[in-house]
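Counting from 1, one number per residue, gives the positions in the sequence shown under UniProt numbering.
Where is the CB? At the ideal position from N, CA and C, for every residue including glycine.
The structure appears below as structure tokens.
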Amino acid sequence: MTANTAPIAPLAASTASPDELTIDTIRAAAARIEGAVVKTPMMHSITLSEITGAEIWLKFENLQFTAAYKERGALNALLHLTDEQKRRGVIAASAGNHSQGLSYHGTRLGVPVHIVMPKTTPTVKVMQTESVGGKVVLHGETFDEAHAHARKLEQEMGLTFVHPFDDPLIAAGQGTVALEMLEVQPKLDCLVTPIGGGGLISGMATVARAADPDIEVVGVQAALFPSMFDRIKGESHDCGGDTLAEGIAVKKPGEFTSKVIAERVDDILLVDEPSLEKAVSLLLQIEKTVVEGAGAAGLAAVLSNPERFAGKTIGLVLCGGNIDTRLLANVLLRDLARQGRLARLRITLQDRPGALFKVMRLFDAHNVNIIEIYHQRIFTSLPAKGLITDIECEARDAEQVERLVEGLRAKKYDVQLVELN
Numbered sequence: 001m002t003a004n005t006a007p008i009a010p011l012a013a014s015t016a017s018p019d020e021l022t023i024d025t026i027r028a029a030a031a032r033i034e035g036a037v038v039k040t041p042m043m044h045s046i047t048l049s050e051i052t053g054a055e056i057w058l059k060f061e062n063l064q065f066t067a068a069y070k071e072r073g074a075l076n077a078l079l080h081l082t083d084e085q086k087r088r089g090v091i092a093a094s095a096g097n098h099s100q101g102l103s104y105h106g107t108r109l110g111v112p113v114h115i116v117m118p119k120t121t122p123t124v125k126v127m128q129t130e131s132v133g134g135k136v137v138l139h140g141e142t143f144d145e146a147h148a149h150a151r152k153l154e155q156e157m158g159l160t161f162v163h164p165f166d167d168p169l170i171a172a173g174q175g176t177v178a179l180e181m182l183e184v185q186p187k188l189d190c191l192v193t194p195i196g197g198g199g200l201i202s203g204m205a206t207v208a209r210a211a212d213p214d215i216e217v218v219g220v221q222a223a224l225f226p227s228m229f230d231r232i233k234g235e236s237h238d239c240g241g242d243t244l245a246e247g248i249a250v251k252k253p254g255e256f257t258s259k260v261i262a263e264r265v266d267d268i269l270l271v272d273e274p275s276l277e278k279a280v281s282l283l284l285q286i287e288k289t290v291v292e293g294a295g296a297a298g299l300a301a302v303l304s305n306p307e308r309f310a311g312k313t314i315g316l317v318l319c320g321g322n323i324d325t326r327l328l329a330n331v332l333l334r335d336l337a338r339q340g341r342l343a344r345l346r347i348t349l350q351d352r353p354g355a356l357f358k359v360m361r362l363f364d365a366h367n368v369n370i371i372e373i374y375h376q377r378i379f380t381s382l383p384a385k386g387l388i389t390d391i392e393c394e395a396r397d398a399e400q401v402e403r404l405v406e407g408l409r410a411k412k413y414d415v416q417l418v419e420l421n
């Protein structure tokens, strides 16, 4: 396929073959979307390379207009529509980055875009999609119910359904990320890529295989949502929960993308929630860039498997930056707690004048800053004259907190360090 090939309708995933996703279709997609999406920077991270023991190259797809790579595949699919399909409009079921990318470029091209979301979708996501031109329909309590309703409206309104990942046109658009990465750094040893439904890694693996068969392609999923991991490896794990990487929290992997991944991806790794939180925090602190949980999954995998990636030149895609600000604040504070720079001490005291003052003098002596104090007199198992005090504090590091705890215990105080789950 070349860039001037006549537009065709998006393919049905159930009939699509891996042969329909090639380096030529991806190059054609790159030519088709050029100038309409941001050619985001790819940069070598000196500090993350020192931390991981690998040479880390970052592709900043969080700098797209809608803050995610999803624009690429959505636009490629839209540019394949016939004039009649453009007139009638498109529909998708999505509560994430696909809905915004499709809505933004559809509106820009004059194509009506309908997005079906579950009724439980946070208001901020509804507003973000509507702000870039999408017409949001809230239906059902789950994504499956929203998806079923979208397919029903597709038939009733004569719309074209645009799948978020399980379509060769979508995967071809996403694969343009890898073209740009290898243009900047052609000597990558490994691409470590998040997997939700599999559209991004299908496109990227196709590019890698064509550019250099020796490039290792590794997928990453949140341990709470190992759907593609199980499909490819023939295993069965629980799938569900509250993950920071909600952008790749997919319970049912794509049929088309599963075939591509089985052929072209070398391995899939799982990462836990603390690793995702640490990666989000590091990217903000070191690279001064905001990523969502899914966008940090690649770095989380490298940090969690240092021996596997040591010494390699690795390309990571920061695939999205749409994270709730309150959630981001929580992640950063929890990371400070894990580093020992924030702590909560639970101290048993006698309920008498001056008891708390004596404790405060020890905090002052160890130069530890007090942030909050919580007294608990009623709901305890202590005698009536006893109380429990929780003190949240800030220190330089974990060692400073430990010295404070030792000092309190030396004064015969019963002290417990409250740990994060």
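With respect to the alpha helix (DSSP H) encompassing residue 408, which residues constitute its N-terminal and C-terminal limits? One-based indexing of the sequence shown puts residue 408 at position 408. First-last of the alpha helix (DSSP H) with residue 408: 398-410.
Cβ-Cβ distance between residue 394 and residue 342 below 9 Å: Walking along the sequence shown from the start, residue 394 turns up at place 394. Walking along the sequence shown from the start, residue 342 turns up at place 342. For residue 394 and residue 342, yes; Cβs fall inside 9 Å.
How many angstroms separate the CA atom of residue 89 from the CA atom of residue 371? Here residue 89 is taken as the residue at index 89 of the sequence shown, counted from 1. Here residue 371 is taken as the residue at index 371 of the sequence shown, counted from 1. Distance between the alpha carbons of residue 89 and residue 371 is about 54 Å.
Tell me which residue opens and which closes the beta strand (DSSP E) that residue 313 is part of. For the purposes of this step, residue 313 is taken as residue 313 along the sequence shown, with counting starting at 1. That run of the beta strand (DSSP E) goes 313-317.
Three Cβ pairs or more, each shorter than 8 Å: is that satisfied between the stretch 330-350 and the stretch 73-88? By the criterion of at least three beta-carbon pairs nearer than 8 Å, the stretch 330-350 is not in contact with the stretch 73-88.
For residue 252, which option in 225, 46, 152, 300 has the closest C-alpha, if you only look at C-alpha atoms? Stepping through the sequence shown from its first residue, residue 252 is reached at position 252. Of 225, 46, 152, 300, the residue nearest in Cα terms is 225.
Quickly, what does DSSP pair residue 344 with across the bridge? List them, please. Position 344 of the sequence shown holds residue 344. In DSSP, residue 344 forms a bridge with 392.
Which residues bound the alpha helix (DSSP H) around residue 219? For the purposes of this step, residue 219 is taken as the residue at position 219 of the sequence shown. It is not in any alpha helix (DSSP H) - residue 219 instead sits in the beta strand (DSSP E) that spans 216-222.
Using 8 Å as the threshold, is the stretch 93-111 in touch with the stretch 54-61, meaning 3 or more CB pairs across them? no
Between which two residues does the beta strand (DSSP E) carrying residue 194 extend? By 1-based counting over the sequence shown, the position of residue 194 is 194. Residue 194 -> beta strand (DSSP E) spans 190-194.
Spatial neighbours of residue 103 in its chain, beta-carbon cut-off 7 Å, leaving aside the 5 residues before and after: As a first step, residue 103 is located in the sequence shown; it is residue number 103 there, counting from the start. Contacts found: 113, 115, 129, 132, 133, 134.
Out of 239, 323, 230, 152, point me to the one whose CA is closest to residue 284's CA. Position 284 of the sequence shown, counted from the first residue, corresponds to residue 284. Looking at the Cα atoms, 323 is the closest of the given residues.
For residue 216, collect the residues of the same chain with a Cβ closer than 7 Å to its Cβ; drop the 5 residues on either side in sequence, then sort them by chain order. Here residue 216 refers to the residue found at position 216 of the sequence shown. Excluding residues within five positions, the ones whose Cβ falls inside 7 Å are 189, 190, 266.
State the Cα-Cα distance for the pair residue 319 and residue 79, rounded to the nearest angstrom. Position 319 of the sequence shown, counting from 1, holds the residue named residue 319. Position 79 of the sequence shown, counting from 1, holds the residue named residue 79. Straight-line Cα distance between these residues: approximately 22 Å.
Using DSSP's beta-bridge definition, name the partner residues of residue 369. Locating residue 369 in the sequence shown gives position 369, counting from the first residue. According to DSSP, residue 369 bridges with 394.
Is it buried or exposed for residue 69, if we count other Cβ within 10 angstroms and need 16 for buried? Indexing the sequence shown from 1 puts residue 69 at position 69. Buried, because 16 or more other Cβ atoms sit within 10 Å of the Cβ of residue 69.
Grab me the residues of residue 312's own chain with a C-beta within less than 6 Å of its C-beta, minus the 5 sequence neighbours each way, in chain order. Translated into the one-based positions of the sequence shown, residue 312 becomes position 312. So the qualifying residues of the chain are 54, 189, 190.
Proximity of residue 297 and residue 221 at Cβ, strictly below 9 Å: Taking the first residue of the sequence shown as position 1, residue 297 is located at position 297. Taking the first residue of the sequence shown as position 1, residue 221 is located at position 221. Taking 9 Å as the Cβ cut-off, residue 297 and residue 221 qualify as a contacting pair.
Specify the secondary structure class of residue 19 as computed by DSSP and reduced to three states. One-based indexing of the sequence shown puts residue 19 at position 19. Residue 19 falls in the helix class under three-state DSSP.
Answer with buried or exposed for residue 6, where buried requires no fewer than 16 other C-beta atoms within 10 angstroms of its C-beta. For this step, residue 6 is matched to residue 6 along the sequence shown. Legend: pLDDT at residue 6 = 39, less than 50; position of this residue unreliable, no value from coordinates given.
Give the single residue among 255, 264, 247 whose Cα lies nearest to the Cα of residue 276. The residue labelled residue 276 in the question sits at position 276 within the sequence shown. Nearest of 255, 264, 247 to residue 276, Cα basis: 247.
Please return the same chain residues whose Cβ sits closer than 7 Å to the Cβ of residue 11, not counting the five positions on each side in sequence. The residue given as residue 11 occupies position 11 in the sequence shown. Because the pLDDT at residue 11 is just 48, under 50, the model does not fix this residue reliably, and the value given afterwards should be weighed accordingly. If we look at residue 11 and ignore the five residues flanking it on each side, its Cβ neighbours are 20, 167, 168, 169.
In angstroms, rounded to a whole number, what distance separates the CA positions of residue 258 and residue 295? Translated into positions along the sequence shown, residue 258 becomes position 258. Translated into positions along the sequence shown, residue 295 becomes position 295. So the alpha carbons of these two residues sit roughly 21 Å apart.
Just the Cα atoms here: how many angstroms apart are residue 151 and residue 91? For the purposes of this step, residue 151 is identified with residue 151 of the sequence shown, where counting begins at 1. For the purposes of this step, residue 91 is identified with residue 91 of the sequence shown, where counting begins at 1. Those two C-alpha atoms are separated by around 8 Å.
Helix, strand or coil: how does DSSP classify residue 174 here? In the sequence shown, the residue the question calls residue 174 occupies position 174. Helix, per DSSP.
Could you please give the first and the last residue of the uninterrupted beta strand (DSSP E) stretch that includes residue 147? Mapped onto the sequence shown, residue 147 falls at position 147. It is not in any beta strand (DSSP E) - residue 147 instead sits in the alpha helix (DSSP H) that spans 143-157.
Sub-9 Å separation of residue 268 and residue 309 beta-carbons: Position 268 of the sequence shown holds residue 268. Position 309 of the sequence shown holds residue 309. No; because the gap between Cβ atoms is not below 9 Å, this pair is not in contact.
7 Å CB neighbourhood of residue 26 in its chain, flanking five on each side removed: The residue you call residue 26 lines up with position 26 of the sequence shown. Cβ neighbours of residue 26 beyond the five flanking positions: 172, 175, 176, 179, 203, 206, 207.
Go through its chain and collect everything with a Cβ distance to residue 8's Cβ below 6 Å, but skip five positions before and after it. Reading the sequence shown from its first residue, position 8 is the one you call residue 8. Annotation note: pLDDT 41 at residue 8 (below 50); position unreliable, no value reported.
Three-state class that DSSP yields for residue 452 in the structure shown: As shown, the chain starts at 1 and ends at 421. That puts residue 452 outside it, with no answer to give.
Quick check: the Cα distance between residue 264 and residue 213, rounded to an integer number of angstroms? Taking the sequence shown and counting its residues from 1, the one referred to as residue 264 is at position 264. Taking the sequence shown and counting its residues from 1, the one referred to as residue 213 is at position 213. About 9 Å.
Straight-line Cα distance separating residue 71 from residue 243: In the sequence shown, counting from the first residue as 1, residue 243 sits at position 243. In the sequence shown, counting from the first residue as 1, residue 71 sits at position 71. Using only the alpha carbons, I get a separation of about 23 Å.
Is it right to say residue 201 is buried, meaning 16 or more other beta carbons lie within 10 angstroms of its own, or is it exposed? In the sequence shown, counting from the first residue as 1, residue 201 sits at position 201. Residue 201 should be labelled buried.
Which partner residues of residue 43 appear in the DSSP bridge assignment? As a first step, residue 43 must be located in the sequence shown, where it is residue number 43. Paired residues: 58.
Between the alpha carbons of residue 376 and residue 387, how many angstroms are there, rounded? To locate residue 376, count along the sequence shown from 1; it is residue 376. To locate residue 387, count along the sequence shown from 1; it is residue 387. Going by the C-alpha atoms only, they are around 6 Å apart.
Beta carbon proximity, residue 245 to chain D, threshold 9 Å: As a matter of chain content, chain D is missing from the structure shown, which is built from one protein chain.
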